[in-house]
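Using my numbering, the letters of the sequence shown correspond one by one to residues 23 to 423. We put the CB at the ideal spot given by N, CA and C, even for glycine. The structure presented is a predicted model; accordingly, all values stated were derived computationally and were not measured. Working notes for the structure below.
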Amino acid sequence: MKILVVNAGSSSLKYQLFDMDKNAILGKGLCERIGIDGKITHKLPDGRKIVMELDMPNHAVATKIMVEALTSPEHGCIKDMSEIEAVGHRVVHGGPYFSESCLATPEIVEKLNLCIDLAPLHTPAALKGIEGCTAVMPNVPQVLVFDTSFHTTMPKKAYTYAIAKKDAEDYNIRRYGFHGTSHRFVSGEMIKLLDKPAEETKIITCHIGNGSSITAVKAGKCIDTSMGFTPLDGIEMGTRCGSIDPAIVPFLMKKKGLDPDGISNYMNKECGFLGVSGLSSDSRDIEDAMFKGDEAATLAVDVLVYEIQKYIGSYAAAMNGLDAIVFTAGMGENSPETRKRVCRNMEFLGIKIDEELNDKTHHQGDAVKLSTPDSKVQVWVIPTDEELMIARDTEAIVLGK
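The following block contains the structure:
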């Protein structure tokens, strides 16, 4: 089965075409600057990259251009659109309405509109992507895969905020969690690597990138996660502040004369690595500056490492034990320094890693075990593959598996 995976942004459309029977990626690319002018970058497995500037007034046109790239006689990977048997869409927020992946029926799409208030930057883009694919491929089944669905197994004590019950119910305020497709993929891979029944496993997955979240996975199910009502919560990120004293919000609004949109922009785009270091939101820039002795950059890294360690400690307590820690995503896969610092100073858990192996390990597409044989807790780098997870869900739903 050939499945197209689509990840729509407000002015972009990422895509990958999978051949599930051959376990292969046939082609992938990015349509960007939708509604502005338009550009597509299309990549093939043989390394060829085609870049074209084309007018893309909306997502429907971008979808048509995407399909034309996939079916082009010169640089395509399928003969025609009829080879695309299903489309899987990444949807960031399912709110309280969606606990698992599902077919995009008109009724489901209508209900997805109820999630716009919960993710105003992401949900309208997803709806545009669904609309665009439906317009170009009206008879091809569309499947929605939600970032939040993996976290719906959290117990009430983990997802409930200590605010007025009526307000929480009226406005659907609770911990939702994000990066769920990534956490589900890497925890599933980790379960395969542990020599014990899945129901006995206790895993902490660390998705560390420009956006970061930590998740406690017990018996294959999420019991807690660091991101909350929005992806702003949790640990320090590229430009996001993570968890802070809530009183800081009205304090800064008064001091800086900010309205709600202004303080939201501040916490989402002016804090994190960028705010603490005053240099950059990119972890590579921060690490380079740290190695050169920059105190602010060093502090930015110290804050991140300390916060990750605190989550690992608290989640080990919540699960009453720990079998494995998994590092994934941009920094998790490619920053040996971050992994090394996190795993140091954790003697109470019996964590030991091979620092020489760790220093050599960057994203290669394969899982790598970093812990030493005498470590009580296994430590792994497992490259995430959210698109493959979406493709698997899409195949299962379409085939009724």
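Q. In the structure shown, what three-state DSSP assignment does residue 88 receive?
A. helix
Q) Straight-line CA distance for residue 34 to residue 306? A) 25 Å
Q: Check the DSSP bridge columns for residue 313 and list the partner residues they point to.
A: Paired residues: none, contrary to the question.
Q: Could you tell me whether the Cβ atoms of residue 294 and residue 259 are closer together than 8 Å?
A: yes
Q: To the nearest angstrom, report how far apart residue 80 and residue 136 are at their CA atoms.
A: 22 Å
Q: Name, in chain order, the residues that DSSP records as bridge partners for residue 237.
A: 227 and 247
Q) Roughly how many angstroms separate the alpha carbons of residue 408 and residue 29, rounded to a whole number? A) 10 Å
Q: Assign residue 29 to one of three DSSP states: helix, strand, or coil.
A: strand
Q: Over the uninterrupted alpha helix (DSSP H) stretch that includes residue 179, give me the two end residues.
A: 178–181
Q) Does the stretch 104–124 touch the stretch 164–180, meaning 3 or more C-beta pairs lie closer than 8 Å? A) yes
Q. According to the Cβ coordinates, are residue 247 and residue 199 closer than 8 Å?
A. yes
(Q) Between which residues of its own chain and residue 46 is the CB-CB distance below 8 Å, once the five residues before and five after are set aside? (A) 40 and 67
Q. What is the residue span of the alpha helix (DSSP H) that residue 353 lies within?
A. 351–356
**Q.** Boundaries of the alpha helix (DSSP H) in which residue 288 is found, first to last residue
**A.** 282–291
Q) By Cβ distance, which residues of its chain are closer than 7 Å to residue 208, with the 5 residues on each side in sequence left out? A) 227, 348, 350, 404 and 406
**Q.** Between the CA atoms of residue 140 and residue 193 - distance to the nearest angstrom
**A.** 9 Å
Q: Pull up the distance between the alpha-carbon of residue 395 and that of residue 371, whole angstroms please.
A: 15 Å
Q) Candidates 173, 91 and 161: which alpha carbon is nearest residue 125's? A) 161
Q: Since I believe residue 298 is in contact with residue 312 (beta carbons under 8 Å), could you give me their beta-carbon distance rounded to a whole number of angstroms?
A: About 12 Å; that fails the 8 Å criterion.
(Q) Here's the rule: buried if 16 or more other CB atoms are within 10 angstroms of the residue's CB, otherwise exposed. What is residue 91? (A) buried
Q) Going by DSSP, which residues form a beta bridge with residue 346? A) 225 and 400
(Q) For residue 157 and residue 48, I'd like the C-alpha separation in whole angstroms. (A) 23 Å
**Q.** Span of the alpha helix (DSSP H) around residue 420
**A.** 408–421
Q. Within 10 angstroms of its Cβ, does residue 255 collect 16 or more other Cβ (buried), or is it exposed?
A. buried
Q.
For residue 133 and residue 123, what's the separation of their Cα atoms in angstroms?
A. 14 Å
Q) Which same chain residues, not among the five before or five after residue 410, have their C-beta less than 6 Å away from its C-beta? A) none
**Q.** residue 205 - containing alpha helix (DSSP H), residue span
**A.** 202–215
Q.
Contact defined as beta carbons within less than 8 Å: I believe residue 216 pairs with residue 389. What is the distance between those atoms, to the nearest angstrom?
A. Not confirmed; about 12 Å, so no contact.
Q: Tell me whether residue 37 counts as near the ligand FAD, meaning its Cβ is closer than 7 Å to at least one heavy atom of that ligand.
A: Inclusion of the ligand FAD in the displayed structure is not the case, the ligand content being empty and no account of it being possible.
Q. Which first and last residues belong to the beta strand (DSSP E) in which residue 167 is found?
A. 164–168
Q.
I'd like to know whether the C-beta atoms of residue 138 and residue 145 end up nearer to each other than 8 Å.
A. yes
Q. Residues bridged to residue 41 by DSSP?
A. 24 and 46
**Q.** Paired residues, beta bridge with residue 63 - DSSP
**A.** 52 and 73
**Q.** Straight-line gap, residue 201 to residue 239 (C-alpha atoms, nearest Å)
**A.** 13 Å
Q: Counting only the same chain and skipping the five closest in sequence on each side, list residues whose C-beta sits under 8 Å from that of residue 109.
A: 25, 26, 27, 28, 155, 159, 162, 163, 164, 165 and 416
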